[in-house]
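According to the working numbering, the sequence shown is numbered sequentially starting from 2.
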Amino acid sequence: MAWIDSHTHINDKAFDGDINEVYKRMLKADVLRAMVVSLNVEEFYKSAAFKHPGLLFDLALGIYPGDVSQMDEKTMDQIYDLCLNDKRIKAIGEIGLDYHWRKDNKDLQKAIFIKQIELANKLHKPIIVHTRDAVKDTYDILKAHPVKGVMHCFSESKEMAREFVKLGMYISFSGTLTFKNAKEPKEALKVVPLDRLLIETDAPYLSPVPYRGKRNEPSFVAKTGECAAQILGIDPLLLQKQMAANYQALFLS
Ligand code: NI
C-alpha cells in the first residue's frame with residue numbers, strides 16, 4: 002500500500018527542469034500513483050508523456066473555469082474523442098466555477114460547467130470540481146445535474162462538506178489542512194465519512210507543512226495524509242489503505 006496524490010499539476014512549467022528528481026522523491030516517499038490534471042487540451046498532450054518505472058499516472062482532462070472562453074463544440078468533441086481513445090483518462094476535470102478569478106462571465110462559466118458534467122455522464126466518468134467564491138452556484142448545479150465526482154482542494158465550511166457528501170460527492174483535502182491556522186478544513190475533514198475522503202497536493206502550489214513556501218510536488222502528499230490521520234485520530238496506514246480504496250472506487254471502477 003502507498004499514498005496516492007489524487008490531484009497534481011506536474012504538467013506545470015514549474016516542473017520542466019527536474020521531473021526525474023520529482024519521480025525519485027515520489028518513490029522514496031511511497032507516493033506511487035498520481036492523478037495528473039490538465040486544464041486544457043494543450044496541457045493534456047504534455048501530461049500524456051509522463052511515465053516512470055514503479056509509478057502510475059492517471060490523467061484528467063477538462064476545461065478549467067479560467068479557460069472557458071476557449072471551449073467550443075470542436076473542443077468538446079476533441080475531449081470526447083481523447084477520452085474514448087486514451088484509457089488513462091479517468092476523469093473530466095478540473096471543471097467548475099471560479100468567481101474569484103472572474104465575476105463578469107458567470108453565465109458562461111455555469112453553461113460550460115453543465116456541458117462538461119453532461120459529457121462526463123455520457124462517458125461514464127467522474128468529475129473533478131474546482132470552486133472558488135462560488136460555492137452556492139456550484140452546489141445548485143451539482144444538485145440539478147447528478148454526477149459522480151470529487152470536490153477538489155476543499156476549502157469550504159463543514160456544513161457545505163456535509164451537503165456535498167449528501168449529493169454523493171467525495172471531498173479532497175490539500176496541504177492547507179496542515180497549516181496551523183487553517184481551522185475550517187480541519188473541521189470539514191472531521192465531518193466527511195472516511196469512505197468519501199481523498200487527499201491531494203494540487204502541486205505546484207500550497208505545499209503542506211513542513212514544506213510551506215517551497216514548490217509543492219506529489220511526494221509531499223504523504224505529509225498531508227499523516228496530518229489527516231492525526232486530526233482524525235487514526236493509524237496513518239489505515240488511512241492510506243482507505244484513500245487507496247476510495248481512489249479506486251471513484252476513478253478506477
Ligand atoms: Ni488543480
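For glycine and all other residues, C-beta sits at the position ideal for the given N, C-alpha and C.
Kindly list the residues whose CB is nearer than 6 Å to the CB of residue i, restricted to its own chain and excluding five residues on each side of it in sequence; keep chain order.
i	result
proline 205	Asp13, Ala15, Arg216 and Asn217
asparagine 122	Val148
leucine 143	Leu168
arginine 192	At residue 192 the sequence reads valine, which differs from the arginine that was named. Excluding positions up to five away in sequence, the list reads Lys159, Ala162 and Arg163.
Answer with buried or exposed for residue i, where buried requires no fewer than 16 other C-beta atoms within 10 angstroms of its C-beta.
i	result
serine 70	exposed
lysine 52	exposed
tyrosine 46	exposed
aspartate 6	buried
glycine 63	buried
aspartate 105	exposed
asparagine 86	exposed
aspartate 59	buried
aspartate 99	buried
methionine 244	buried
proline 127	buried
What is the residue span of the beta strand (DSSP E) that residue i lies within?
i	result
aspartate 138	Run containing aspartate 138: none in the beta strand (DSSP E); it sits in the alpha helix (DSSP H), 136-145.
leucine 60	57-62
isoleucine 96	90-99
valine 148	Unbroken run through valine 148: none, as it is neither H nor E.
Output the boundary residues of the alpha helix (DSSP H) element that contains residue i.
i	result
serine 48	42-48
lysine 52	Element bounds for lysine 52: n/a, residue is neither H nor E.
leucine 253	Looking at the DSSP string, leucine 253 is not in any alpha helix (DSSP H), and its letter there is neither H nor E.
methionine 77	74-86
aspartate 6	Looking at the DSSP string, aspartate 6 is not in any alpha helix (DSSP H); the run it does join, the beta strand (DSSP E), is 4-9.
aspartate 287	Residue 287 is absent from the model: the chain starts at 2 and stops at 254.
alanine 30	20-30
Using a Cβ-Cβ cut-off of 7 Å (strictly less than) and excluding sequence neighbours within five positions of residue i, which residues of its own chain qualify?
i	result
aspartate 236	Ala230
glycine 97	Pro66, Phe114, Val130, His131, Thr132 and Thr139
Sorted by chain position, which residues of the same chain lie with C-beta nearer than 8 Å to residue i's C-beta, five sequence neighbours on each side aside?
i	result
lysine 116	Met72 and Met77
message = Does the contact criterion of 3 or more C-beta pairs under 8 Å hold for the region 77-92 versus the region 105-112?
response = no
ask   = Which ranges would you report for the beta strand (DSSP E) in the region 160-204 if only whole runs of at least 3 residues count?
value = 171-174 and 198-200
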